[in-house]
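Asks: I'd like to ask you about the structure that follows.
Residue numbers (mature numbering (1 follows the signal peptide of the UniProt record, and there is no 0)): -22 to -1, 1 to 371.
As structure tokens, then:
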């Protein structure tokens, strides 16, 4: 592992240092150095990620120093388009446009890229909306497709998904593809398409699990699983397990703990129980992780007919292994459970389902706002009681 990290660091330094001896290179070749460094990110090269801001700033200085005549060459203008859309300095695009040498067919492209980089989405949409990314150089087209997807996502999510697919096709193995896949996964999640969400997530794990952005993916994946349109049946839960099986044990443990927590707070009891149980299978005995897994399993089960087992799990958790927030969750779950199950017997049959709908919101409030556990319990009871009254003839 150390040898791999050292090799990746050397690779990043070699790419970055190549710029220093590139005084005579044309702009499009200089920008390739930036893209080469960015593509190291998907391999897990943290040194490359750290080097990018400095390289991008140095590249801006080099691009601004060129004789304006170089901007008559379409390849150089297109390079500035991808530079700006990769987080580069907008002033470079401004100077190229001000030179008056930009070819007419590339001017709209650069103006659109500049508008997008400066946050002028309406203008960017007008300038870039009708451009066919497939008619451009592949890496340029991939960047444009990625931008078009971002501009279309809110009003036309299906169009955005198609554009993200196109970006991935045009720039395989690059940071553009990795970013497009991450965005597509969570755009599909918003549509509630569980099958597609899991398929794309599996592809990300297989291809980009070493990316320096993989932690971001895992966190958002865990949150999404708790909120996507999922019934929690055995087939869907097995799909989750199959997708995550491509990760090592430590990564699976971390993701299952995040899924369990998010699912408890979202009221997805079956998913929370499943994730907590899977986390327990990867956690070492007497570890903080096993305590957290039991915490989430117990917090889920107190809202089921097997609430006594849930209470037992919560009471068995070693509080010294819990954070303050986790301790608050444990206390809130126990308080809610005690009060719910002290209701009159006549109301008992409807309580578990009602509690599962309302109590997680109280638990989330207890964590995010620091409410007392009794307040959390009373809110859950009040919410469930309101529902019960509206459903009673």
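Even glycine gets a Cβ: it sits at the ideal position worked out from N, Cα and C. What you are looking at is a predicted structure, and each value in this text was computed from that prediction instead of being measured.
1. What is the DSSP secondary structure of residue 98, reduced to helix, strand or coil?
2. Would you mind sorting residue 228 into buried or exposed? The rule is 16 or more other CB atoms within 10 Å of its CB.
3. What does the alpha-carbon distance come out to for the pair residue 194 and residue 245?
4. Taking Cβ to Cβ, would you say residue 167 is nearer than 8 Å to residue 225?
5. Using CA coordinates, which residue listed in 272, 35 and 137 is at the minimum distance from residue 297?
6. Compute the Euclidean distance between the alpha carbons of residue 223 and residue 230, then round it to the nearest angstrom.
7. Can you grab the Cα-Cα spacing for the pair residue 43 / residue 78, in whole Å?
8. Cα-Cα, which of 140, 255 and 173 is closest to residue 159?
9. Determine, using beta carbons only, whether residue 270 and residue 304 come nearer to each other than 8 Å.
10. Given the structure, does residue 17 come close to the ligand ZN, in the sense that its CB is under 7 Å from one of the ligand's heavy atoms?
11. Straight-line CA distance for residue 314 to residue 37?
12. To the nearest angstrom, how far is it from the Cα of residue 208 to the Cα of residue 178?
13. On the DSSP letters alone, give me the boundaries of the alpha helix (DSSP H) that residue 309 sits inside.
14. Does residue 281 come out as helix, strand or coil in the three-state DSSP assignment?
15. Going by beta carbon distance, what residues of the same chain come within less than 7 Å of residue 99, once the five residues before and after it are set aside?
16. May I have the straight-line CA-CA distance separating residue 311 from residue 215, to the nearest angstrom?
17. Please confirm whether residue 142 and residue 109 have their CB atoms less than 8 Å apart.
18. Between the C-alpha atoms of residue 345 and residue 239, what's the straight-line distance to the nearest angstrom?
19. Are the beta-carbon atoms belonging to residue 292 and residue 308 less than 8 Å from one another?
20. Work out the CA separation of residue 5 and residue 191 for me, nearest whole Å.
21. Work out the CA separation of residue 76 and residue 206 for me, nearest whole Å.
22. Measuring only the C-alpha atoms, how far is residue 104 from residue 126?
23. For residue 16, does the count of other Cβ atoms within 10 angstroms reach 16, so buried, or fall short, so exposed?
24. Of the residues 241, 248, 62 and 282, which one's Cα is nearest the Cα of residue 213?
25. According to DSSP, is residue 80 helix, strand or coil?
26. Let me know if residue 2 comes out buried or exposed under the rule of 16 or more other beta-carbons within 10 Å of its beta-carbon.
27. Beta carbon of residue 58, beta carbon of residue 70: below 8 Å?
28. Which same chain residues, not among the five before or five after residue 72, have their C-beta less than 8 Å away from its C-beta?
29. For the alpha helix (DSSP H) that contains residue 55, what are its first and last residues?
Replies: Working from what's here:
1. coil
2. exposed
3. 23 Å
4. no
5. 272
6. 7 Å
7. 16 Å
8. 140
9. yes
10. Annotation note on the ligand ZN: not contained in the displayed structure, which lists no ligands.
11. 59 Å
12. 16 Å
13. 302 to 318
14. coil
15. 129
16. 24 Å
17. no
18. With a pLDDT of only 47 at residue 345, under 50, the local geometry of the prediction cannot be trusted, and the value read off the model is given with reservation. Answer to the nearest angstrom: the Cα atoms are 11 Å apart.
19. yes
20. 28 Å
21. 48 Å
22. 11 Å
23. buried
24. 248
25. coil
26. exposed
27. yes
28. 92
29. 52 to 63
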